[in-house]
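To keep things clear, I will list the structure first and then write my remarks on it.
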Amino acid sequence: RHGRRDARRARLRGRQQARDDHISYVDSLPSGQEKGLFYALDLGGTNFRVLRVQLGGKEGRVVKQECDEISIPAHLMTGTSQELFDFIAAALAKFVASEGEDFHLLEGRQRELGFTFSFPVKQSSIASGTLIKWTKGFSIDETVGADVVAELSSALDRQGLDMKVTALVNDTIGTLAGGRYDDNDVVAAVILGTGTNAAYVERANAIPKWHGLLPKSGDMVSVIVLHKAKTIQMFKKCMVMPKENTPSIPKSLSI
Numbered sequence: 509r510h511g512r513r514d515a516r517r518a519r520l521r522g523r524q525q526a527r528d529d530h531i532s533y534v535d536s537l538p539s540g541q542e543k544g545l546f547y548a549l550d551l552g553g554t555n556f557r558v559l560r561v562q563l564g565g566k567e568g569r570v571v572k573q574e575c576d577e578i579s580i581p582a583h584l585m586t587g588t589s590q591e592l593f594d595f596i597a598a599a600l601a602k603f604v605a606s607e608g609e610d611f612h613l614l615e616g617r618q619r620e621l622g623f624t625f626s627f628p629v630k631q632s633s634i635a636s637g638t639l640i641k642w643t644k645g646f647s648i649d650e651t652v653g654a655d656v657v658a659e660l661s662s663a664l665d666r667q668g669l670d671m672k673v674t675a676l677v678n679d680t681i682g683t684l685a686g687g688r689y690d691d692n693d694v695v696a697a698v699i700l701g702t703g704t705n706a707a708y709v710e711r712a713n714a715i716p717k718w719h720g721l722l723p724k725s726g727d728m729v730s731v732i733v734l735h736k737a738k739t740i741q742m743f744k745k746c747m748v749m750p751k752e753n754t755p756s757i758p759k760s761l762s763i
């Protein structure tokens, strides 16, 4: 038994060394029983989206949701960190101000925000991460090496918005979380776009890069960054694979 487990860990370690794997610090995913009002901010390009959703638990599910998309002026993509995050926070504050009667916080709760940030970051907890580099046309040197959650939180404070960033994730984890909310069998997600990333649920004690205390769930979402050359190579292999040998996509894969 121990031999099989050690062999599995060795294979996982070898795969992770050959890829660019990251620990997400996400140790639990939606169950479909969540209740309350939740906000999301999706920043991954020249536009960003703000979203709110009222969840009604197992029976009510998604009671109502609203979304708005805002374009980022070109000069803010190369300006200062404060200018960029102040613009985003102002748009979010305006969106919160339009909250209708169908949306309501549970008593004693603060508004919570999930922050999808689709740029390379070095994450140190579920709600903190320093920017490694900008991509997709952004070039703000002072943000590199800074905690993007702290930058956003400071901007929210300047807007007088009582909202807490509770999670920093990339778009792949957001896709995985959405898939898990609809189907508890979903264990992986893939994004095929400007970049190609994947996220999957792994046992925390099988992740070589994880050195902290094991989470209560025992699980951890691991993120795989597939670089362009490796992605092209992967798809070439898929294209030449004989039809009879092509594996079917399992129910647990969310794309």
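Residues 509 to 763 (my numbering) are what the sequence shown spells out, left to right.
Ideal Cβ positions, reconstructed from N, Cα and C, are used throughout, including at glycine.
The beta strand (DSSP E) that contains residue i, what's its start and end?
i	result
glutamate 577	570–579
leucine 563	555–564
alanine 706	704–711
isoleucine 699	696–700
Run through DSSP, which three-state label would residue i get?
i	result
valine 733	strand
serine 536	coil
lysine 644	coil
threonine 588	coil
arginine 617	coil
isoleucine 634	coil
aspartate 670	coil
aspartate 594	helix
aspartate 727	strand
Which residues in the same chain have their Cβ closer than 7 Å to the Cβ of residue i, if we skip the five residues on either side of it in sequence?
i	result
valine 561	Phe546, Val570, Gln573
histidine 612	Leu545
Which residues in the same chain as residue i place their Cβ atom closer than 8 Å to its Cβ, once the five residues preceding and following it in sequence are excluded?
i	result
phenylalanine 595	Ile580, Pro581, Leu584
leucine 722	Ala712, Asn713
Between the alpha carbons of residue i and residue j, how many angstroms are there, rounded?
i	j	result
methionine 728	alanine 685	13 Å
glycine 703	alanine 697	14 Å
valine 652	threonine 638	7 Å
threonine 643	alanine 598	23 Å
phenylalanine 627	glutamine 541	30 Å
Within the same chain, show all residues whose beta-carbon is closer than 6 Å to that of residue i, passing over the 5 residues directly before and after it, in chain order.
i	result
alanine 707	Thr680, Ile681, Leu684, Ala697, Val729, Val731
With respect to the alpha helix (DSSP H) encompassing residue i, which residues constitute its N-terminal and C-terminal limits?
i	result
leucine 549	Unbroken run through leucine 549 is the beta strand (DSSP E), 543–551; no alpha helix (DSSP H).
leucine 721	Counting along the chain, leucine 721 falls outside any alpha helix (DSSP H), and DSSP gives it neither H nor E.
alanine 685	679–690
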